[in-house]
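Quick note on the working numbering: the sequence shown kicks off at 42 and runs consecutively.
We put the beta carbon where it would ideally sit given N, CA and C, even for glycine.
In what follows, a single structure is set out as structure tokens and then discussed.
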Amino acid sequence: MLDYAYWKLDEKKSPGVDGQTKAEYGENLEINLESLLKRVRQREYKAPPVKRIEIPKGDGEFRPLGLSCFEDKVLQKAFVTLVEPVFEREFYDFSYGFRPGKSQHQAIGVLDKAIGWEGCYVIDLDIRKFFDTIPKGKLQEAFGKRIKDGVLGQLIVGWLNAGIMKDGHWEGTKAGTPQGAIASPMLANLYLHDVLDSWFVEEVKPRLKGRSGMVRYADDAVLYFETLEDAHRVLEALPKRLGKYGLAMHPDKTKLIDFRSPKRRKGEAKKSTFDFLGFTFYWGKSRKGAPIVRVRTARKKLTAKLNEIYQWCKENRHLKWHEQHSILSAKLRGHIQYYGVSHNCGNVDTFIRRATRIWSKWLNRRGGKPVSAEKFARFLENHPLPKARIVHRLF
42 MLDYAYWKLD EKKSPGVDGQ TKAEYGENLE INLESLLKRV RQREYKAPPV KRIEIPKGDG
102 EFRPLGLSCF EDKVLQKAFV TLVEPVFERE FYDFSYGFRP GKSQHQAIGV LDKAIGWEGC
162 YVIDLDIRKF FDTIPKGKLQ EAFGKRIKDG VLGQLIVGWL NAGIMKDGHW EGTKAGTPQG
222 AIASPMLANL YLHDVLDSWF VEEVKPRLKG RSGMVRYADD AVLYFETLED AHRVLEALPK
282 RLGKYGLAMH PDKTKLIDFR SPKRRKGEAK KSTFDFLGFT FYWGKSRKGA PIVRVRTARK
342 KLTAKLNEIY QWCKENRHLK WHEQHSILSA KLRGHIQYYG VSHNCGNVDT FIRRATRIWS
402 KWLNRRGGKP VSAEKFARFL ENHPLPKARI VHRLF
């Protein structure tokens, strides 16, 4: 299983605090894996600290990302492969985050269909700094209830107490599991299954008057209700439930949205939207003029992606045209691969056209003779950029 984990890991991922790469570890693979297995079995394995980097979230805050050492990644990958089937027997179908056979686009499609019954009241739930605030003791209890194995339990303790390396200094952590670690998503799903999913299915839904449901992807969750009374009751109960397990609801980002169809709102404010997994859900019209739920690229995500393109074109305008074209095409294909869903082809096309204009602008700031519009158009005719298309059909 450790050998399988080694070959499944991406060699392009950034190394941890020891700087070791996949190729370097693989030079003596059999010896290294035997040594790792021996240390784990004899409980001598000590999890190394996680390298901490921070990436901007686009709202003025930063998301801390943890980079584990390669050997630790091998062990975590094997660990997840071993214990994941145990947890999968319990997890509900509406949980889509980092689970085998499930994806973000499945979550988007299911939610699109679920709230299409003339609309509903939506709670857009945001848990404040979820990965950083999971109580270690309660997470160990949740794991221990399912798997009573001393060796595996000690690995959990080691990862949770490994600490972080930031700017060359070690820091201990009182709570949380590092984002970016291979085992973290599975452990997060396990914790939220107890905190949120089971509570909602077993205790909340039986007490509600109308239809209700939930779609969750890791710590991003949308709860929907047929009646406003039910939505208010759950919104009032959520802070107490999360607080009981050491978590907190973000007071500004968690919102209750009246997402009923326009014909049910009867002259009230027409605009009704919410964001989920980088998409904005809104009411549009079908070809026959009937109101339907549609999705488009969220404005914040679109702006952030264009800013990334702008910065990259600015910093790399010295490269040859063909090199820039190759890298920019890869960036555009990545955007199309994620945002190319039903209803959203026009927004993807807008993104590509705006990115093309940004590229043209910085090609004209290389110094020397300016690039005419005709020359740029001829280049794109012979070397076209990727075109917008629907990659994921939601229906």
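1. Since cysteine 161 sits in a beta bridge, which residues does DSSP pair it with?
2. Only counting runs of 4 or more residues, tell me where the alpha helix (DSSP H) segments fall wholly within the stretch 42-79, in order along the chain.
3. Sort Glu270, Pro303, Pro90 by Cα distance to glycine 251 and report the nearest one.
4. Pick from Pro176, Thr268, Ala216, Tyr47: whose alpha carbon is nearest that of valine 121?
5. Check each candidate in Arg358, Ala371, Gly107, His273 and name the one with the smallest Cα separation from glycine 408.
6. Between which two residues does the alpha helix (DSSP H) holding glycine 207 run?
7. Would you tell me roughly how many angstroms separate the C-alpha atoms of asparagine 73 and leucine 196, rounded to the nearest one?
8. Applying the 10 Å Cβ sphere with the 16-neighbour rule, what's the burial state of glycine 284?
9. What residues in its chain sit with their C-beta under 7 Å from that of glutamate 415, if we drop five residues either side in the sequence?
10. With DSSP collapsed to three states, give me the class of glycine 254.
11. Evaluate the contact criterion for the stretch 319-336 versus the stretch 366-374: three or more CB pairs, one atom per stretch, below 8 Å.
12. Taking only the alpha-carbon atoms, compute the straight-line gap between glutamine 220 and valine 412 and give it to the nearest angstrom.
13. Just verifying my parser: in three-state terms, what is the DSSP assignment at aspartate 39?
14. Please report how far the alpha carbon of histidine 363 lies from the alpha carbon of lysine 53, in whole angstroms.
15. Kindly identify the DSSP beta-bridge partner or partners of proline 489.
16. Rank Trp403, His384, Arg419, Gly254 by C-alpha distance to the C-alpha of alanine 429 and give the top, closest one.
17. Only counting the same chain, and skipping five residues up and downstream in sequence, which positions put a Cβ closer than 6 Å to that of phenylalanine 315?
18. Thinking C-alpha only, which one of Lys189, Thr268, Arg337, Val263 is nearest lysine 294?
19. Grouping DSSP H, G and I as helix and E and B as strand, with all else coil, what is phenylalanine 184?
20. Tell me the rounded alpha-carbon separation between threonine 344 and lysine 179.
21. Closer than 8 Å is the cut-off here; do at least three beta carbon pairs connect the stretch 81-100 with the stretch 203-212?
22. Since glycine 160 and arginine 305 should fall inside the 8 Å C-beta cutoff, what is the C-beta to C-beta distance between them, to a whole number of angstroms?
23. Which residues in the same chain have their Cβ closer than 6 Å to the Cβ of valine 236, if we skip the five residues on either side of it in sequence?
24. Give the C-beta separation of phenylalanine 135 and valine 256 to the nearest angstrom, bearing in mind that I take them to be a contact with Cβ-Cβ under 8 Å.
25. By the three-class DSSP mapping on this structure, what secondary structure does leucine 318 have?
26. Using DSSP bridges, identify the partner residues of tryptophan 362.
27. CA-CA distance, valine 242 and tyrosine 137?
28. Quick check: the stretch 50-69 against the stretch 169-187, are at least 3 beta-carbon pairs closer than 8 Å?
29. Whose C-alpha, out of Asn405, Ile393, Cys386, is nearest the C-alpha of arginine 434?
30. If we define contact as Cβ-Cβ less than 8 Å, is valine 412 a contact residue for chain E?
31. Please identify the residue among Ser327, Arg337, Lys329 whose C-alpha is closest to the C-alpha of phenylalanine 320.
32. Measuring only the C-alpha atoms, how far is glycine 400 from isoleucine 431?
33. Taking the runs of the beta strand (DSSP E) that are 3 residues or longer, which of them lie wholly in the stretch 204-284?
34. Restricting to Cα atoms, I'd like to know which of Arg130, Leu106, Pro303 is closest to isoleucine 188.
Per the coordinate set shown:
1. Taking the first residue of the sequence shown as position 1, residue 161 is located at position 120. Looking at the DSSP assignment, cysteine 161 forms a beta bridge with Phe300.
2. 43-49, 63-67
3. Taking the first residue of the sequence shown as 1, we reach residue 251 at position 210. Considering only alpha carbons, the answer is Glu270.
4. Numbered from 1 along the sequence shown, position 80 holds the residue referred to as residue 121. Nearest option by C-alpha distance: Tyr47.
5. On the sequence shown, residue 408 is found 367 positions in, with the first residue counted as 1. Comparing Cα-Cα distances from glycine 408 to each of Arg358, Ala371, Gly107, His273, the minimum goes to Arg358.
6. Here residue 207 refers to the residue found at position 166 when the sequence shown is read from its first residue. It should be noted that the sequence gives lysine, not glycine, for residue 207. Premise fails: lysine 207 lies in the beta strand (DSSP E), 205-207, not in any alpha helix (DSSP H).
7. Counting from 1 along the sequence shown, the entry for residue 73 is found at position 32. Counting from 1 along the sequence shown, the entry for residue 196 is found at position 155. Taking the straight line from one Cα to the other gives about 18 Å.
8. Locating residue 284 in the sequence shown gives position 243, where the first residue counts as 1. Sixteen is the threshold: since fewer than 16 other Cβ atoms of the shown chains lie within 10 Å of the Cβ of glycine 284, the residue is exposed.
9. Indexing the sequence shown from 1 puts residue 415 at position 374. Cβ within range, chain order: n/a, list empty.
10. Reading the sequence shown from its first residue, position 213 is the one you call residue 254. Here DSSP, grouped into helix, strand and coil, assigns glycine 254 to strand.
11. no
12. For the purposes of this step, residue 220 is identified with residue 179 of the sequence shown, where counting begins at 1. For the purposes of this step, residue 412 is identified with residue 371 of the sequence shown, where counting begins at 1. Each residue's Cα considered, the two are about 44 Å apart.
13. Past the edges of the chain, shown from 42 to 436, lies residue 39, and the structure says nothing about it.
14. By 1-based counting over the sequence shown, the position of residue 363 is 322. By 1-based counting over the sequence shown, the position of residue 53 is 12. Between histidine 363 and lysine 53, the C-alpha separation is close to 23 Å.
15. Since the first and last residues shown for the chain are 42 and 436, residue 489 lies out of range.
16. As a working note, residue 429 is residue 388 in the sequence shown. Closest option to alanine 429, Cα to Cα, is His384.
17. Counted from its first residue, the sequence shown places residue 315 at position 274. Only Val163, Asp165, Ile298, Phe322 meet the Cβ criterion.
18. The residue you call residue 294 lines up with position 253 of the sequence shown. It is Val263.
19. For this step, residue 184 is matched to residue 143 along the sequence shown. Residue state for phenylalanine 184 is assigned as helix, using DSSP reduced to three classes.
20. Residue 344 sits at position 303 when you count from the first residue of the sequence shown. Residue 179 sits at position 138 when you count from the first residue of the sequence shown. Per the coordinates, the alpha-carbon of threonine 344 lies some 39 Å from the alpha-carbon of lysine 179.
21. yes
22. Counted from its first residue, the sequence shown places residue 160 at position 119. Counted from its first residue, the sequence shown places residue 305 at position 264. Contact holds; Cβ gap of about 6 Å.
23. Walking along the sequence shown from the start, residue 236 turns up at place 195. Cβ within range, chain order: Tyr286.
24. To locate residue 135, count along the sequence shown from 1; it is residue 94. To locate residue 256, count along the sequence shown from 1; it is residue 215. Sure, about 5 Å apart at Cβ, within 8 Å.
25. Taking the first residue of the sequence shown as position 1, residue 318 is located at position 277. When DSSP states are grouped into helix, strand and coil, leucine 318 belongs to the coil group.
26. Along the sequence shown, read from residue 1 onward, the residue named residue 362 stands at position 321. Paired residue(s): none; tryptophan 362 is not in a bridge.
27. The residue you call residue 242 lines up with position 201 of the sequence shown. The residue you call residue 137 lines up with position 96 of the sequence shown. So the two alpha carbons sit approximately 16 Å from each other.
28. no
29. Residue numbering aside, residue 434 sits at position 393 when the sequence shown is read from its first letter. That would be Cys386, whose Cα lies nearest to the Cα of arginine 434.
30. Chain labels in this structure do not include chain E; a single protein chain is all it has.
31. Taking the sequence shown and counting its residues from 1, the one referred to as residue 320 is at position 279. Among Ser327, Arg337, Lys329, the Cα nearest to that of phenylalanine 320 belongs to Arg337.
32. Translated into the one-based positions of the sequence shown, residue 400 becomes position 359. Translated into the one-based positions of the sequence shown, residue 431 becomes position 390. The sequence shown places tryptophan at residue 400, not glycine. Taking the straight line joining both Cα atoms gives about 24 Å.
33. 205-207, 210-212, 253-258, 261-266
34. Working through the sequence shown from its first residue, we reach residue 188 at position 147. It is Arg130 whose Cα lies nearest to the Cα of isoleucine 188.
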